[in-house]
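Student: Protein chains in written order, with the numbering used here: chain U, 57 to 259; chain A, 57 to 259.
Protein chains: 2
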Amino acid sequence: MTHPSQTAIQATRPQRSKNRKQQIIEFALELLQTRGFENFSYQDLSLELGITKASIHYHFPKKEDLGVALCAGIQHWHQTMFQEIMANDVPAIEKIRIYINGLLNYAMGNNKICPLSSLQADVTSLPPAMLPALRDLDNHELEFIANVLEQGRNNGELSFPGEAIHQAAIVVLSVKGALQYSRIHGPELLQPTLKQIEQLLQT
Amino acid sequence: MTHPSQTAIQATRPQRSKNRKQQIIEFALELLQTRGFENFSYQDLSLELGITKASIHYHFPKKEDLGVALCAGIQHWHQTMFQEIMANDVPAIEKIRIYINGLLNYAMGNNKICPLSSLQADVTSLPPAMLPALRDLDNHELEFIANVLEQGRNNGELSFPGEAIHQAAIVVLSVKGALQYSRIHGPELLQPTLKQIEQLLQT
DNA sequence: GTCTATACACCGATAGAC
DNA sequence: GTCTATCGGTGTATAGAC
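1) Under a three-way DSSP split, which group does residue 215 (chain A) fall into?
2) Considering only residues of the same chain and omitting the five flanking positions on each side of residue 259 (chain U), which have a CB-CB separation below 8 Å?
3) Report yes if the C-beta distance between residue 233 (chain U) and residue 225 (chain A) is below 9 Å; otherwise report no.
4) Given that a residue counts as buried once 16 or more other Cβ atoms are within 10 Å of its Cβ, and exposed if not, what is residue 91 (chain U)?
5) Is the stretch 174-192 of chain U in contact with the stretch 143-151 of chain U, if contact means three or more CB pairs nearer than 8 Å?
6) Which of the residues in the stretch 182-215 of chain U, read from start to end, lie with their CB under 8 Å from any CB of chain A?
7) Under 9 Å, Cβ to Cβ, is there at least one residue of chain A near residue 141 (chain U)?
8) Got a sec: is the Cβ-Cβ distance from residue 94 (chain A) to anything in chain U below 9 Å?
9) Compute the beta-carbon to beta-carbon distance between residue 185 (chain A) and residue 120 (chain A), rounded to the nearest angstrom, for a pair I have assumed lies under 8 Å.
10) Taking all protein chains shown into account, decide if residue 176 (chain A) is buried (16 or more other Cβ within 10 angstroms of its Cβ) or exposed.
11) What does a CB cutoff of less than 8 Å around residue 190 (chain U) pick up in its chain, not counting 5 residues either side in sequence?
12) Any idea what DSSP makes of residue 202 (chain U), helix, strand or coil?
13) In whole angstroms, what separates the C-alpha of residue 137 (chain U) from that of residue 157 (chain U)?
14) Let me make sure I understand the geometry here. Which of A:93, A:236 and A:79 has the alpha-carbon closest to that of residue 164 (chain A)?
15) Taking C-beta pairs closer than 9 Å, name the residues in chain U that residue 153 (chain A) reaches, listed in chain order.
16) Mind pulling the chain A residues with CB within less than 7 Å of residue 163 (chain U)?
17) Which residues, taken in chain order from the stretch 96-114 of chain A, show a beta carbon closer than 8 Å to some beta carbon of chain U?
18) Select from the stretch 240-254 of chain U all residues with a C-beta closer than 7 Å to any C-beta belonging to chain A, and list them in chain order.
19) Specify, as a first and last residue, the run of the alpha helix (DSSP H) that residue 12 (chain A) falls within.
20) Cα-Cα, which of U:123, U:222 and U:248 is closest to residue 238 (chain A)?
21) Using the rule of at least 16 other Cβ atoms within 10 Å of the residue's Cβ for burial, across every protein chain shown, is residue 199 (chain U) buried or exposed?
22) Can you give me the start and stop residues for the alpha helix (DSSP H) that residue 186 (chain U) sits inside?
23) To the nearest whole angstrom, what separates the beta carbons of residue 115 (chain U) and residue 77 (chain U), a pair I think is in contact under 8 Å?
24) Can you tell me the Cβ-Cβ gap for residue 229 (chain A) and residue 229 (chain U), rounded? I've got them flagged as a contact below 8 Å.
25) How many Å lie between residue 85 (chain U) and residue 208 (chain A) at the Cα?
26) Once you ignore the five residues that flank residue 129 (chain A) on each side, which residues in its own chain have a CB closer than 7 Å to its CB?
27) Can you tell which of A:159, A:99 and A:245 has its C-alpha closest to the C-alpha of residue 89 (chain A)?
28) Return the residue from the list U:83, U:250 and U:94 that minimises the CA-CA distance to residue 280 (chain U).
29) Can you pull the chain U residues whose beta carbon is under 8 Å from the beta carbon of residue 218 (chain A), in chain order?
30) Smallest Cα separation from residue 219 (chain U): which of A:122, A:253 and A:106?
31) Classify residue 70 (chain U): buried if its beta carbon has 16 or more other beta carbons within 10 angstroms, exposed otherwise.
32) Please confirm whether residue 121 (chain A) has its beta-carbon closer than 9 Å to some beta-carbon of chain U.
33) Per DSSP, residue 258 (chain A) forms a beta bridge with which residues?
34) Thinking C-alpha only, which one of U:188, U:197 and U:187 is nearest residue 170 (chain U)?
35) If you reduce the DSSP assignment to three classes, tell me which class residue 240 (chain A) lands in.
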């Protein structure tokens, strides 16, 4: 006699080990945003997740392997955010707001900044294997925002001087900079500065 | 019989040890800008300067002491730059250009960024004794630029919406962000983005 | 997949001679 | 002021048992 119910229970039981890799990535992403890639260790991860350093080395033999996986995790976040922006048929300024809020939500917990800002700051110490992924992430983000701005200006919804890619750089860099700034100086300047960025697109 | 000439020679001889402290600060500032405070060591300094780690500990017993001295060095740079700006009776947009060029010159050597951006990125790992100095430096810089912008708008030389302090945040954070970005992606986007920032002040 | 145990390099920091 | 020598702690990484 077989016991199909057991099989079902097995299948729906929380499979802790199967998602270990993802658990590691998620907590490492948080540490990347709060402390930077060179300032967290396998020990930090092992203490949080309740397994030993050696176990983490099983999933990511070298820290550079973890670093590349973190870049892939950031890419996944980007994809989700960009798809959400393109899915909604809203004015261009609203698309920019969704982008800004997506960034804010991703760094909402205390003392977090944009993961790409964090990687950029440490770039001279990073394992070289991470650099191509980092470059691609930066490029894609900037070009996506530039496209939104350019289409908005063509629609007559937005107004700004110069080329869209340079205006996109100002938007992206200002938002991330304001996030990093608010970690030290508190949130007072954050919201009004973000509003100011929006205003510059409508003058 | 005395030997006054010897005394004179002694006084004009290059006093290597007397300036050691300053030598350390200057090279440490470079390492701060290229690698970040937590990613350079007393060993890095000792190899460059040709003295041992212990000797550096004589000048700066703890690394936090060196960190505080680095903040003072940054303040000195700020003072010089801000005085140069105020000394010249030039249009407000020209004062902004002097600020931007001052920042660029200070980070001209390869792979350097603004030292304050570097400290901000590492803020959760820094010795707490450095934080007040870091906050003051950030505040003073932002308020100085806000003053330049506000006076320029009152003069009719500049035109921008909203409050000067929020526009100043966009200017300062964009410039530093563009500097950090160009370290990874090359200089192509740097100059046109800086021009774009200037254009936004004259619309 | 997770563990214990360990290797080796580097870190900040101190003691004491010169 | 600079040195040699050393300490305790932590970093990444690996070997091998279970």
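Note that CB positions come from ideal geometry on N, CA and C, so glycine has one too.
Tutor: A quick look at the data gives this:
1) strand
2) 215 and 216
3) yes
4) buried
5) no
6) 187, 190, 191, 194 and 195
7) no
8) yes
9) The Cβ separation is near 5 Å, so the contact holds.
10) buried
11) Setting aside the 5 residues that flank it on each side, residue 190 (chain U) is surrounded in the same chain by 127, 172, 175, 176, 179 and 182, each with a C-beta closer than 8 Å to its C-beta; the list follows chain order.
12) Three-state result, residue 202 (chain U): helix.
13) 10 Å
14) Closest option to residue 164 (chain A), Cα to Cα, is A:236.
15) Simply none; closest approach about 16 Å.
16) By Cβ distance, chain A contributes nothing, its closest Cβ being about 13 Å from residue 163 (chain U), past 7 Å.
17) none
18) 240, 241, 245, 248, 249, 252 and 253
19) Lying before the first or after the last residue shown, residue 12 (chain A) is absent from chain A, which here runs from 57 to 259.
20) U:222
21) exposed
22) Note, residue 186 (chain U): premise wrong, no alpha helix (DSSP H); not H, not E.
23) 5 Å
24) 7 Å
25) 43 Å
26) Cβ neighbours of residue 129 (chain A) beyond the five flanking positions: 81 and 85.
27) A:159
28) Chain U is shown only over 57 to 259; residue 280 (chain U) falls outside these bounds and no answer can be derived.
29) Simply 248, 251, 252 and 255.
30) Comparing C-alpha distances from residue 219 (chain U) to each of A:122, A:253 and A:106 shows the shortest one belongs to A:253.
31) Confidence in residue 70 (chain U) is poor, its pLDDT being 41 and thus under 50, which makes the residue's placement unreliable; the coordinate value appears in the next sentence. Residue 70 (chain U) comes out exposed.
32) No - not a single Cβ of chain U is within 9 Å of the one on residue 121 (chain A).
33) Partner(s): A:215.
34) The shortest Cα separation from residue 170 (chain U) among U:188, U:197 and U:187 belongs to U:197.
35) helix
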